[in-house]
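Engineer:
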Amino acid sequence: MTAFWVLAPVMVLAALGILFVRKAVHAALLLAVVMISLAVLYAVLEAPFLFAVQIIVYTGAILMLFLFVLMLVGVDASDSVVETIKGQRVLAWLVGAGFVVVLLVGLGQVTFTAAVGLDGPGGANEGGNIQALANLLFSRYVFIFEATSALLITAAVGAMVLAHRERLTPRPKQADLAAARVRSWAETGTPLGPLPAPGVYARHNAVDTPALLPDGSPAAASVSRVLAARGTMRATGLRDIEPIAASLGVDPAARPASAGKSAATGTTEAEQPAHPGSDGTVGASDGADATTGSAGQGGGEGR
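This is the structure:
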């Protein structure tokens, strides 16, 4: 009795807190207090199986699942005072009155009937606690057990019906998604493939530094939109190319006048190496060849 008088006020206060607190997470924690107190009462009443089930199943599994859903999804919906189903308030009062009558009848039976006890012939734990529970569930309380099972099945089906949503448009296929990406690229310039990686010519590895396009302008798509919205994106431009151009000795603004080997290699005509005979002089071998050739031509003409 001592445990009951200690835990009963705690359970009542926690139950009232569930009804009147404003945050759903606080209500779930108060519900955990009620469940743990009830488990302790089961242990005091020498029902170890119910004690273990109350802690493991209800407090450890179901209630933690409620908390996970509240923390992941959140509670943003506001209560509506509009009565969507006519007469539901009257029906709620009638159901509550029925529960009160059932509670009073149960209290009367417990108060005015002789206690059987836990152990001994006809006791609640006759043959073992688990065996006695199974015997009571499938003999005396079989109708209540089946009604509770039907209620749980109805709740599961109702949750699936409420969560199901009819599609307003047909599900897009892979070909439709590909065509939409190509259309978006043609209309707005959205890249078809992955976005360019951040960084400028391997000089930076920070994600707030945009990549540079071939003309030296920054690629805005290479930086996350979150960083751009926060204003932490690093400003880049042609100034980032200047140190590289200075180290290589190349002017990025210069353009080759004509295409060719000199333009491709970056050398001018004056910088090309001199070849034999390119400066107007003829070497010894070249001169000999020229003399022999002219003599041969003269001999041929004489004949």
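The numbers in UniProt numbering rise by one with no breaks, and the one at position 81 of the sequence shown is 81.
Ideal placement from N, C-alpha and C gives every residue a C-beta, glycine not left out.
#1: Let's see if you can read the secondary structure: which residues bound the alpha helix (DSSP H) around residue 17?
#2: When you compare only the Cα positions, how much space is there between residue 9 and residue 151?
#3: Here's a check: name, in chain order, each residue in its chain whose Cβ is nearer than 8 Å to the Cβ of residue 223, leaving out the five neighbours to either side.
#4: Under three-state DSSP, which class holds residue 255?
#5: So, for residue 255: in the same chain, excluding its five sequence neighbours on each side, which residues have a beta-carbon less than 8 Å away from its beta-carbon?
#6: Verify whether the separation of the beta carbon atoms of residue 42 and residue 30 is less than 8 Å.
#7: Using 8 Å as the threshold, is the C-beta distance between residue 70 and residue 24 below it?
#8: In the DSSP assignment, find the alpha helix (DSSP H) that holds residue 109 and state where it starts and stops.
#9: Does residue 212 come out as helix, strand or coil in the three-state DSSP assignment?
#10: Quick one: what does DSSP say residue 186 is sitting in, helix, strand or coil?
#11: Please work out which residues of its chain come closer than 8 Å, Cβ to Cβ, to residue 37, disregarding the five sequence neighbours upstream and downstream, and give them in chain order.
#12: Once DSSP output is grouped into helix, strand and coil, what is the label at residue 218?
#13: Taking the CB atoms as reference points, tell me whether residue 192 and residue 181 lie closer together than 8 Å.
#14: Apart from the five residues on each side of it in sequence, which residues of its chain come closer than 6 Å, Cβ to Cβ, to residue 139?
#15: Using a Cβ-Cβ cutoff of less than 7 Å, which residues in the same chain neighbour residue 54 once the five nearest sequence positions on both sides are dropped?
#16: With burial defined as no fewer than 16 other Cβ atoms inside 10 Å of the residue's Cβ, what is the status of residue 218: buried or exposed?
#17: In the DSSP assignment, find the unbroken alpha helix (DSSP H) run with residue 141 in it and report its ends.
#18: Considering only residues of the same chain and omitting the five flanking positions on each side of residue 230, which have a CB-CB separation below 8 Å?
#19: Could you check if residue 21 belongs to the surroundings of the ligand ZN, using beta carbon to heavy atom distance under 7 Å?
#20: With a 10 Å radius around its C-beta and 16 neighbouring C-beta atoms as the bar for buried, classify residue 94 as buried or exposed.
#21: Here's the rule: buried if 16 or more other CB atoms are within 10 angstroms of the residue's CB, otherwise exposed. What is residue 47?
#22: I need the boundaries of the alpha helix (DSSP H) containing residue 230, first residue and last residue.
#23: So, with DSSP's three-state summary, where would you put residue 26?
#24: Would residue 212 be called buried (16 or more neighbouring beta carbons within 10 Å of its own) or exposed?
#25: DSSP on residue 192, reduced to helix/strand/coil?
#26: How would you label residue 2, buried or exposed, when you count the other beta carbons within 10 angstroms and need 16 or more for buried?
Structural biologist: In brief:
#1: For the purposes of this step, residue 17 is taken as residue 17 along the sequence shown, with counting starting at 1. Note, residue 17: alpha helix (DSSP H), 2 to 20.
#2: Numbered from its first residue, the sequence shown carries residue 9 at position 9. Numbered from its first residue, the sequence shown carries residue 151 at position 151. Taking the straight line from one Cα to the other gives about 30 Å.
#3: Counting from one through the sequence shown, the residue named residue 223 turns up at place 223. Hits under 8 Å: 198, 207, 208, 209, 210 and 233.
#4: Within the sequence shown, numbered from 1, the residue matching residue 255 stands at position 255. With a pLDDT of only 45 at residue 255, under 50, the local geometry of the prediction cannot be trusted, and no value is derived from it.
#5: The sequence position of residue 255 within the sequence shown is 255, counting from 1. Residue placement at residue 255 cannot be trusted, given a pLDDT of 45 that sits under 50; what the coordinates show is reported in the next sentence. If we look at residue 255 and ignore the five residues flanking it on each side, it has no Cβ neighbours.
#6: For the purposes of this step, residue 42 is taken as residue 42 along the sequence shown, with counting starting at 1. For the purposes of this step, residue 30 is taken as residue 30 along the sequence shown, with counting starting at 1. Contact: no.
#7: Stepping through the sequence shown from its first residue, residue 70 is reached at position 70. Stepping through the sequence shown from its first residue, residue 24 is reached at position 24. Result yes, Cβ atoms of residue 70 and residue 24 sit closer than 8 Å.
#8: Taking the first residue of the sequence shown as 1, we reach residue 109 at position 109. Its alpha helix (DSSP H) spans residues 88 to 112.
#9: Residue numbering aside, residue 212 sits at position 212 when the sequence shown is read from its first letter. If DSSP states are grouped into helix, strand and coil, residue 212 belongs with the strands.
#10: On the sequence shown, residue 186 is found 186 positions in, with the first residue counted as 1. Helix at residue 186.
#11: For the purposes of this step, residue 37 is taken as the residue at position 37 of the sequence shown. Excluding residues within five positions, the ones whose Cβ falls inside 8 Å are 7, 10, 11 and 14.
#12: On the sequence shown, residue 218 is found 218 positions in, with the first residue counted as 1. Looking at residue 218 - three-state DSSP - the assignment turns out to be strand.
#13: Locating residue 192 in the sequence shown gives position 192, where the first residue counts as 1. Locating residue 181 in the sequence shown gives position 181, where the first residue counts as 1. Result yes, Cβ atoms of residue 192 and residue 181 sit closer than 8 Å.
#14: Translated into the one-based positions of the sequence shown, residue 139 becomes position 139. Cβ neighbours of residue 139 within its own chain (closer than 6 Å, five residues either side excluded): none.
#15: In the sequence shown, the residue the question calls residue 54 occupies position 54. Close CB contacts of residue 54 within its chain, under the 7 Å cut and outside five residues either way in sequence, are with 35, 38, 39 and 42 (chain order).
#16: Your numbering for residue 218 matches position 218 in the sequence shown. So residue 218 ends up on the buried side.
#17: Position 141 of the sequence shown, counted from the start, is the residue given in the question as residue 141. It is not in any alpha helix (DSSP H) - residue 141 carries neither H nor E in the DSSP assignment.
#18: For the purposes of this step, residue 230 is identified with residue 230 of the sequence shown, where counting begins at 1. Same-chain partners within the cutoff: there are none.
#19: With respect to the ligand ZN, the structure shown offers nothing to examine, as it has no ligands at all.
#20: If you number the sequence shown from 1, residue 94 lands on position 94. Under this definition residue 94 is an exposed residue.
#21: Along the sequence shown, read from residue 1 onward, the residue named residue 47 stands at position 47. Buried, since its Cβ has 16 or more Cβ neighbours within 10 Å.
#22: Here residue 230 is taken as the residue at index 230 of the sequence shown, counted from 1. Where residue 230 is concerned, the enclosing alpha helix (DSSP H) stretches over 225 to 230.
#23: Along the sequence shown, one-based indexing puts residue 26 at 26. Three-state DSSP puts residue 26 in a helix.
#24: Sequence index remark: in the sequence shown, residue 212 carries index 212 (1-based). Residue 212 comes out buried.
#25: As a first step, residue 192 must be located in the sequence shown, where it is residue number 192. It is coil, neither helix nor strand.
#26: Counted from its first residue, the sequence shown places residue 2 at position 2. The residue is exposed, with fewer than 16 neighbouring Cβ atoms inside 10 Å.
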